[in-house]
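Written out below as structure tokens is the structure these notes cover.
Chains as they are written, first to last, in the working numbering: chain A, 3 to 176; chain B, -1 to 230.
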């Protein structure tokens, strides 16, 4: 049974379905946490669970008063928890050996398959598109640097990057 | 951020080129905008695959650009090297599409390719592909975490410190501020600021970033740009 909480915010009354909120925001929180801690960090899923639990508790206890959007509220909790995690880890691990990163057991197989398909699709791209991806994303050059390297305009670089992405997306839509 | 970010801003976010406050603004936006989140997570998949498996992808693909660009003459032997000022001026003043120079470039590229086929490729056959021997996927997925200074500091820091990542043998640190700019390359996970530099650090907002490289000079990880403030 889903639990709905009524909140009277600045913009008027607001109903929050907690199950729906978790379903909607867990992937977004997961993305941000993985980006901050690294997908290979074995703790990332625990941190996401903690953030979602904290969010539910704060809504239930009335701490969320609707002064901001739910998204901004969850983002604030996420950003604070990540800072706490990094500080905590830095204190604990300073001078201690690094814990080896473990692969994520849940969606590893699917992610590997997708990554393989994507890698193969990039290999099959025409050189002019592949070269732009190589310089821009792999060699970490800016658009202007890529433009100078290839003798084309920065606008052309953007155009090729966007077109390459479009071609790659097609391989996933097939 | 009320408006949706453009493509370039998304790329700058995913490749760690936004400042901490710019990143936070964009992140708050995608926590509120499912369309942008969808776009960013999809784009991130591409960036991660290229960063994790780029050596294999670009080395293995026909007409691989890896070797020709790696040794570009104006580079300092490191990714993202600095272009000499005259090259910037020259290119900007001519515009970006000088047709004649494009033919010259094409001819030079063909000559380089010929040299590569005749001289370099046999050598690579003997030594084996350098990327395959070090291909540890989890290593390239690691994050580079900056430890200090972060946020508001009391005075100019004496050193910059970050967490190590495995397989990295060298780190490049870039620090920029209101009047200063400093770069250092070190095998350690800490870079001491020179004495004369510490005296020059006026109150204001500073940014720093670290890039990690493997023994082969391959870029393994780039940290986000982190800010710290020296108060008045």
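Glycine residues also receive a C-beta, built at the ideal position from the N, C-alpha and C atoms.
Positions of the beta strand (DSSP E) runs, each at least 3 residues long and wholly inside the stretch 142 to 186 of chain B, are given as 144 to 146, 157 to 160, 168 to 174, 179 to 184 in order along the chain. When DSSP states are grouped into helix, strand and coil, residue 225/B belongs to the strand group. For residue 142/A, there is no enclosing beta strand (DSSP E), as DSSP marks it with neither H nor E.
For the pair residue 78/A and residue 29/B, the Cα-to-Cα distance works out to about 10 Å. For residue 52/B, at least one C-beta of chain A is nearer than 8 Å to its own C-beta.
The beta carbon of residue 186/B sits closer than 8 Å to the beta carbons of 169 from its chain, once the five residues preceding and following it are set aside; these are given in chain order. Between residue 117/A and chain B, the shortest Cβ-Cβ separation is below 8 Å.
The Cβ of residue 22/B sits closer than 8 Å to at least one Cβ of chain A. With its beta carbon less than 8 Å from one in chain A, residue 100/B belongs to the interface. In the DSSP assignment, residue 32/A falls within the alpha helix (DSSP H) that extends over 20 to 39. The beta-carbon distance between residue 18/A and residue 9/A, rounded to whole angstroms, is 6 Å. This is short enough to meet the 8 Å contact definition.
If you ignore the 5 residues before and after residue 207/B, its C-beta comes within less than 6 Å of the C-beta of 172, 221, 223, all in its own chain and listed in chain order. Spanning the alpha carbons of residue 202/B and residue 111/A requires a straight line of approximately 47 Å. Residue 73/A is classed as buried because its beta carbon has at least 16 other beta carbons within 10 Å across all chains shown.
The alpha helix (DSSP H) runs lying completely inside the stretch 183 to 221 of chain B and spanning 4 residues or more are 193 to 198, given in chain order.
For residue 22/B, the enclosing alpha helix (DSSP H) starts and ends at 18 to 30. Nearest C-alpha to residue 16/A among 50/A, 61/A, 146/A, 119/A: 61/A. In the structure shown, residue 129/A falls within a helical segment according to DSSP collapsed to helix, strand and coil. The beta carbon of residue 12/B lies closer than 8 Å to those of 38, 41, 42, 45 in the same chain, with the five residues before and after it left out.
Comparing C-alpha distances from residue 47/B to each of 46/A, 68/A, 22/A, 119/A shows the shortest one belongs to 119/A. In the DSSP assignment, residue 9/A is bridged to 16/A. In this structure, the alpha-carbon of residue 165/B lies about 44 Å from that of residue 66/A. Among the residues of the stretch 38 to 52 of chain B, those with a Cβ less than 8 Å away from any Cβ of chain A are 38, 39, 40, 41, 42, 43, 44, 45, 46, 47, 48, 49, 50, 51, 52, in the order of the chain.
Neighbourhood of residue 173/A in chain B, by CB distance below 7 Å: empty, with the nearest CB roughly 11 Å away. Inter-residue distance for residue 35/B and residue 158/B is about 33 Å (C-alpha atoms, whole angstroms).
Counting along the chain, residue 116/B sits inside no alpha helix (DSSP H), nor does DSSP assign it H or E at all. Looking at 42/A, 53/A, 20/A, the one whose alpha-carbon comes closest to that of residue 30/A is 53/A.
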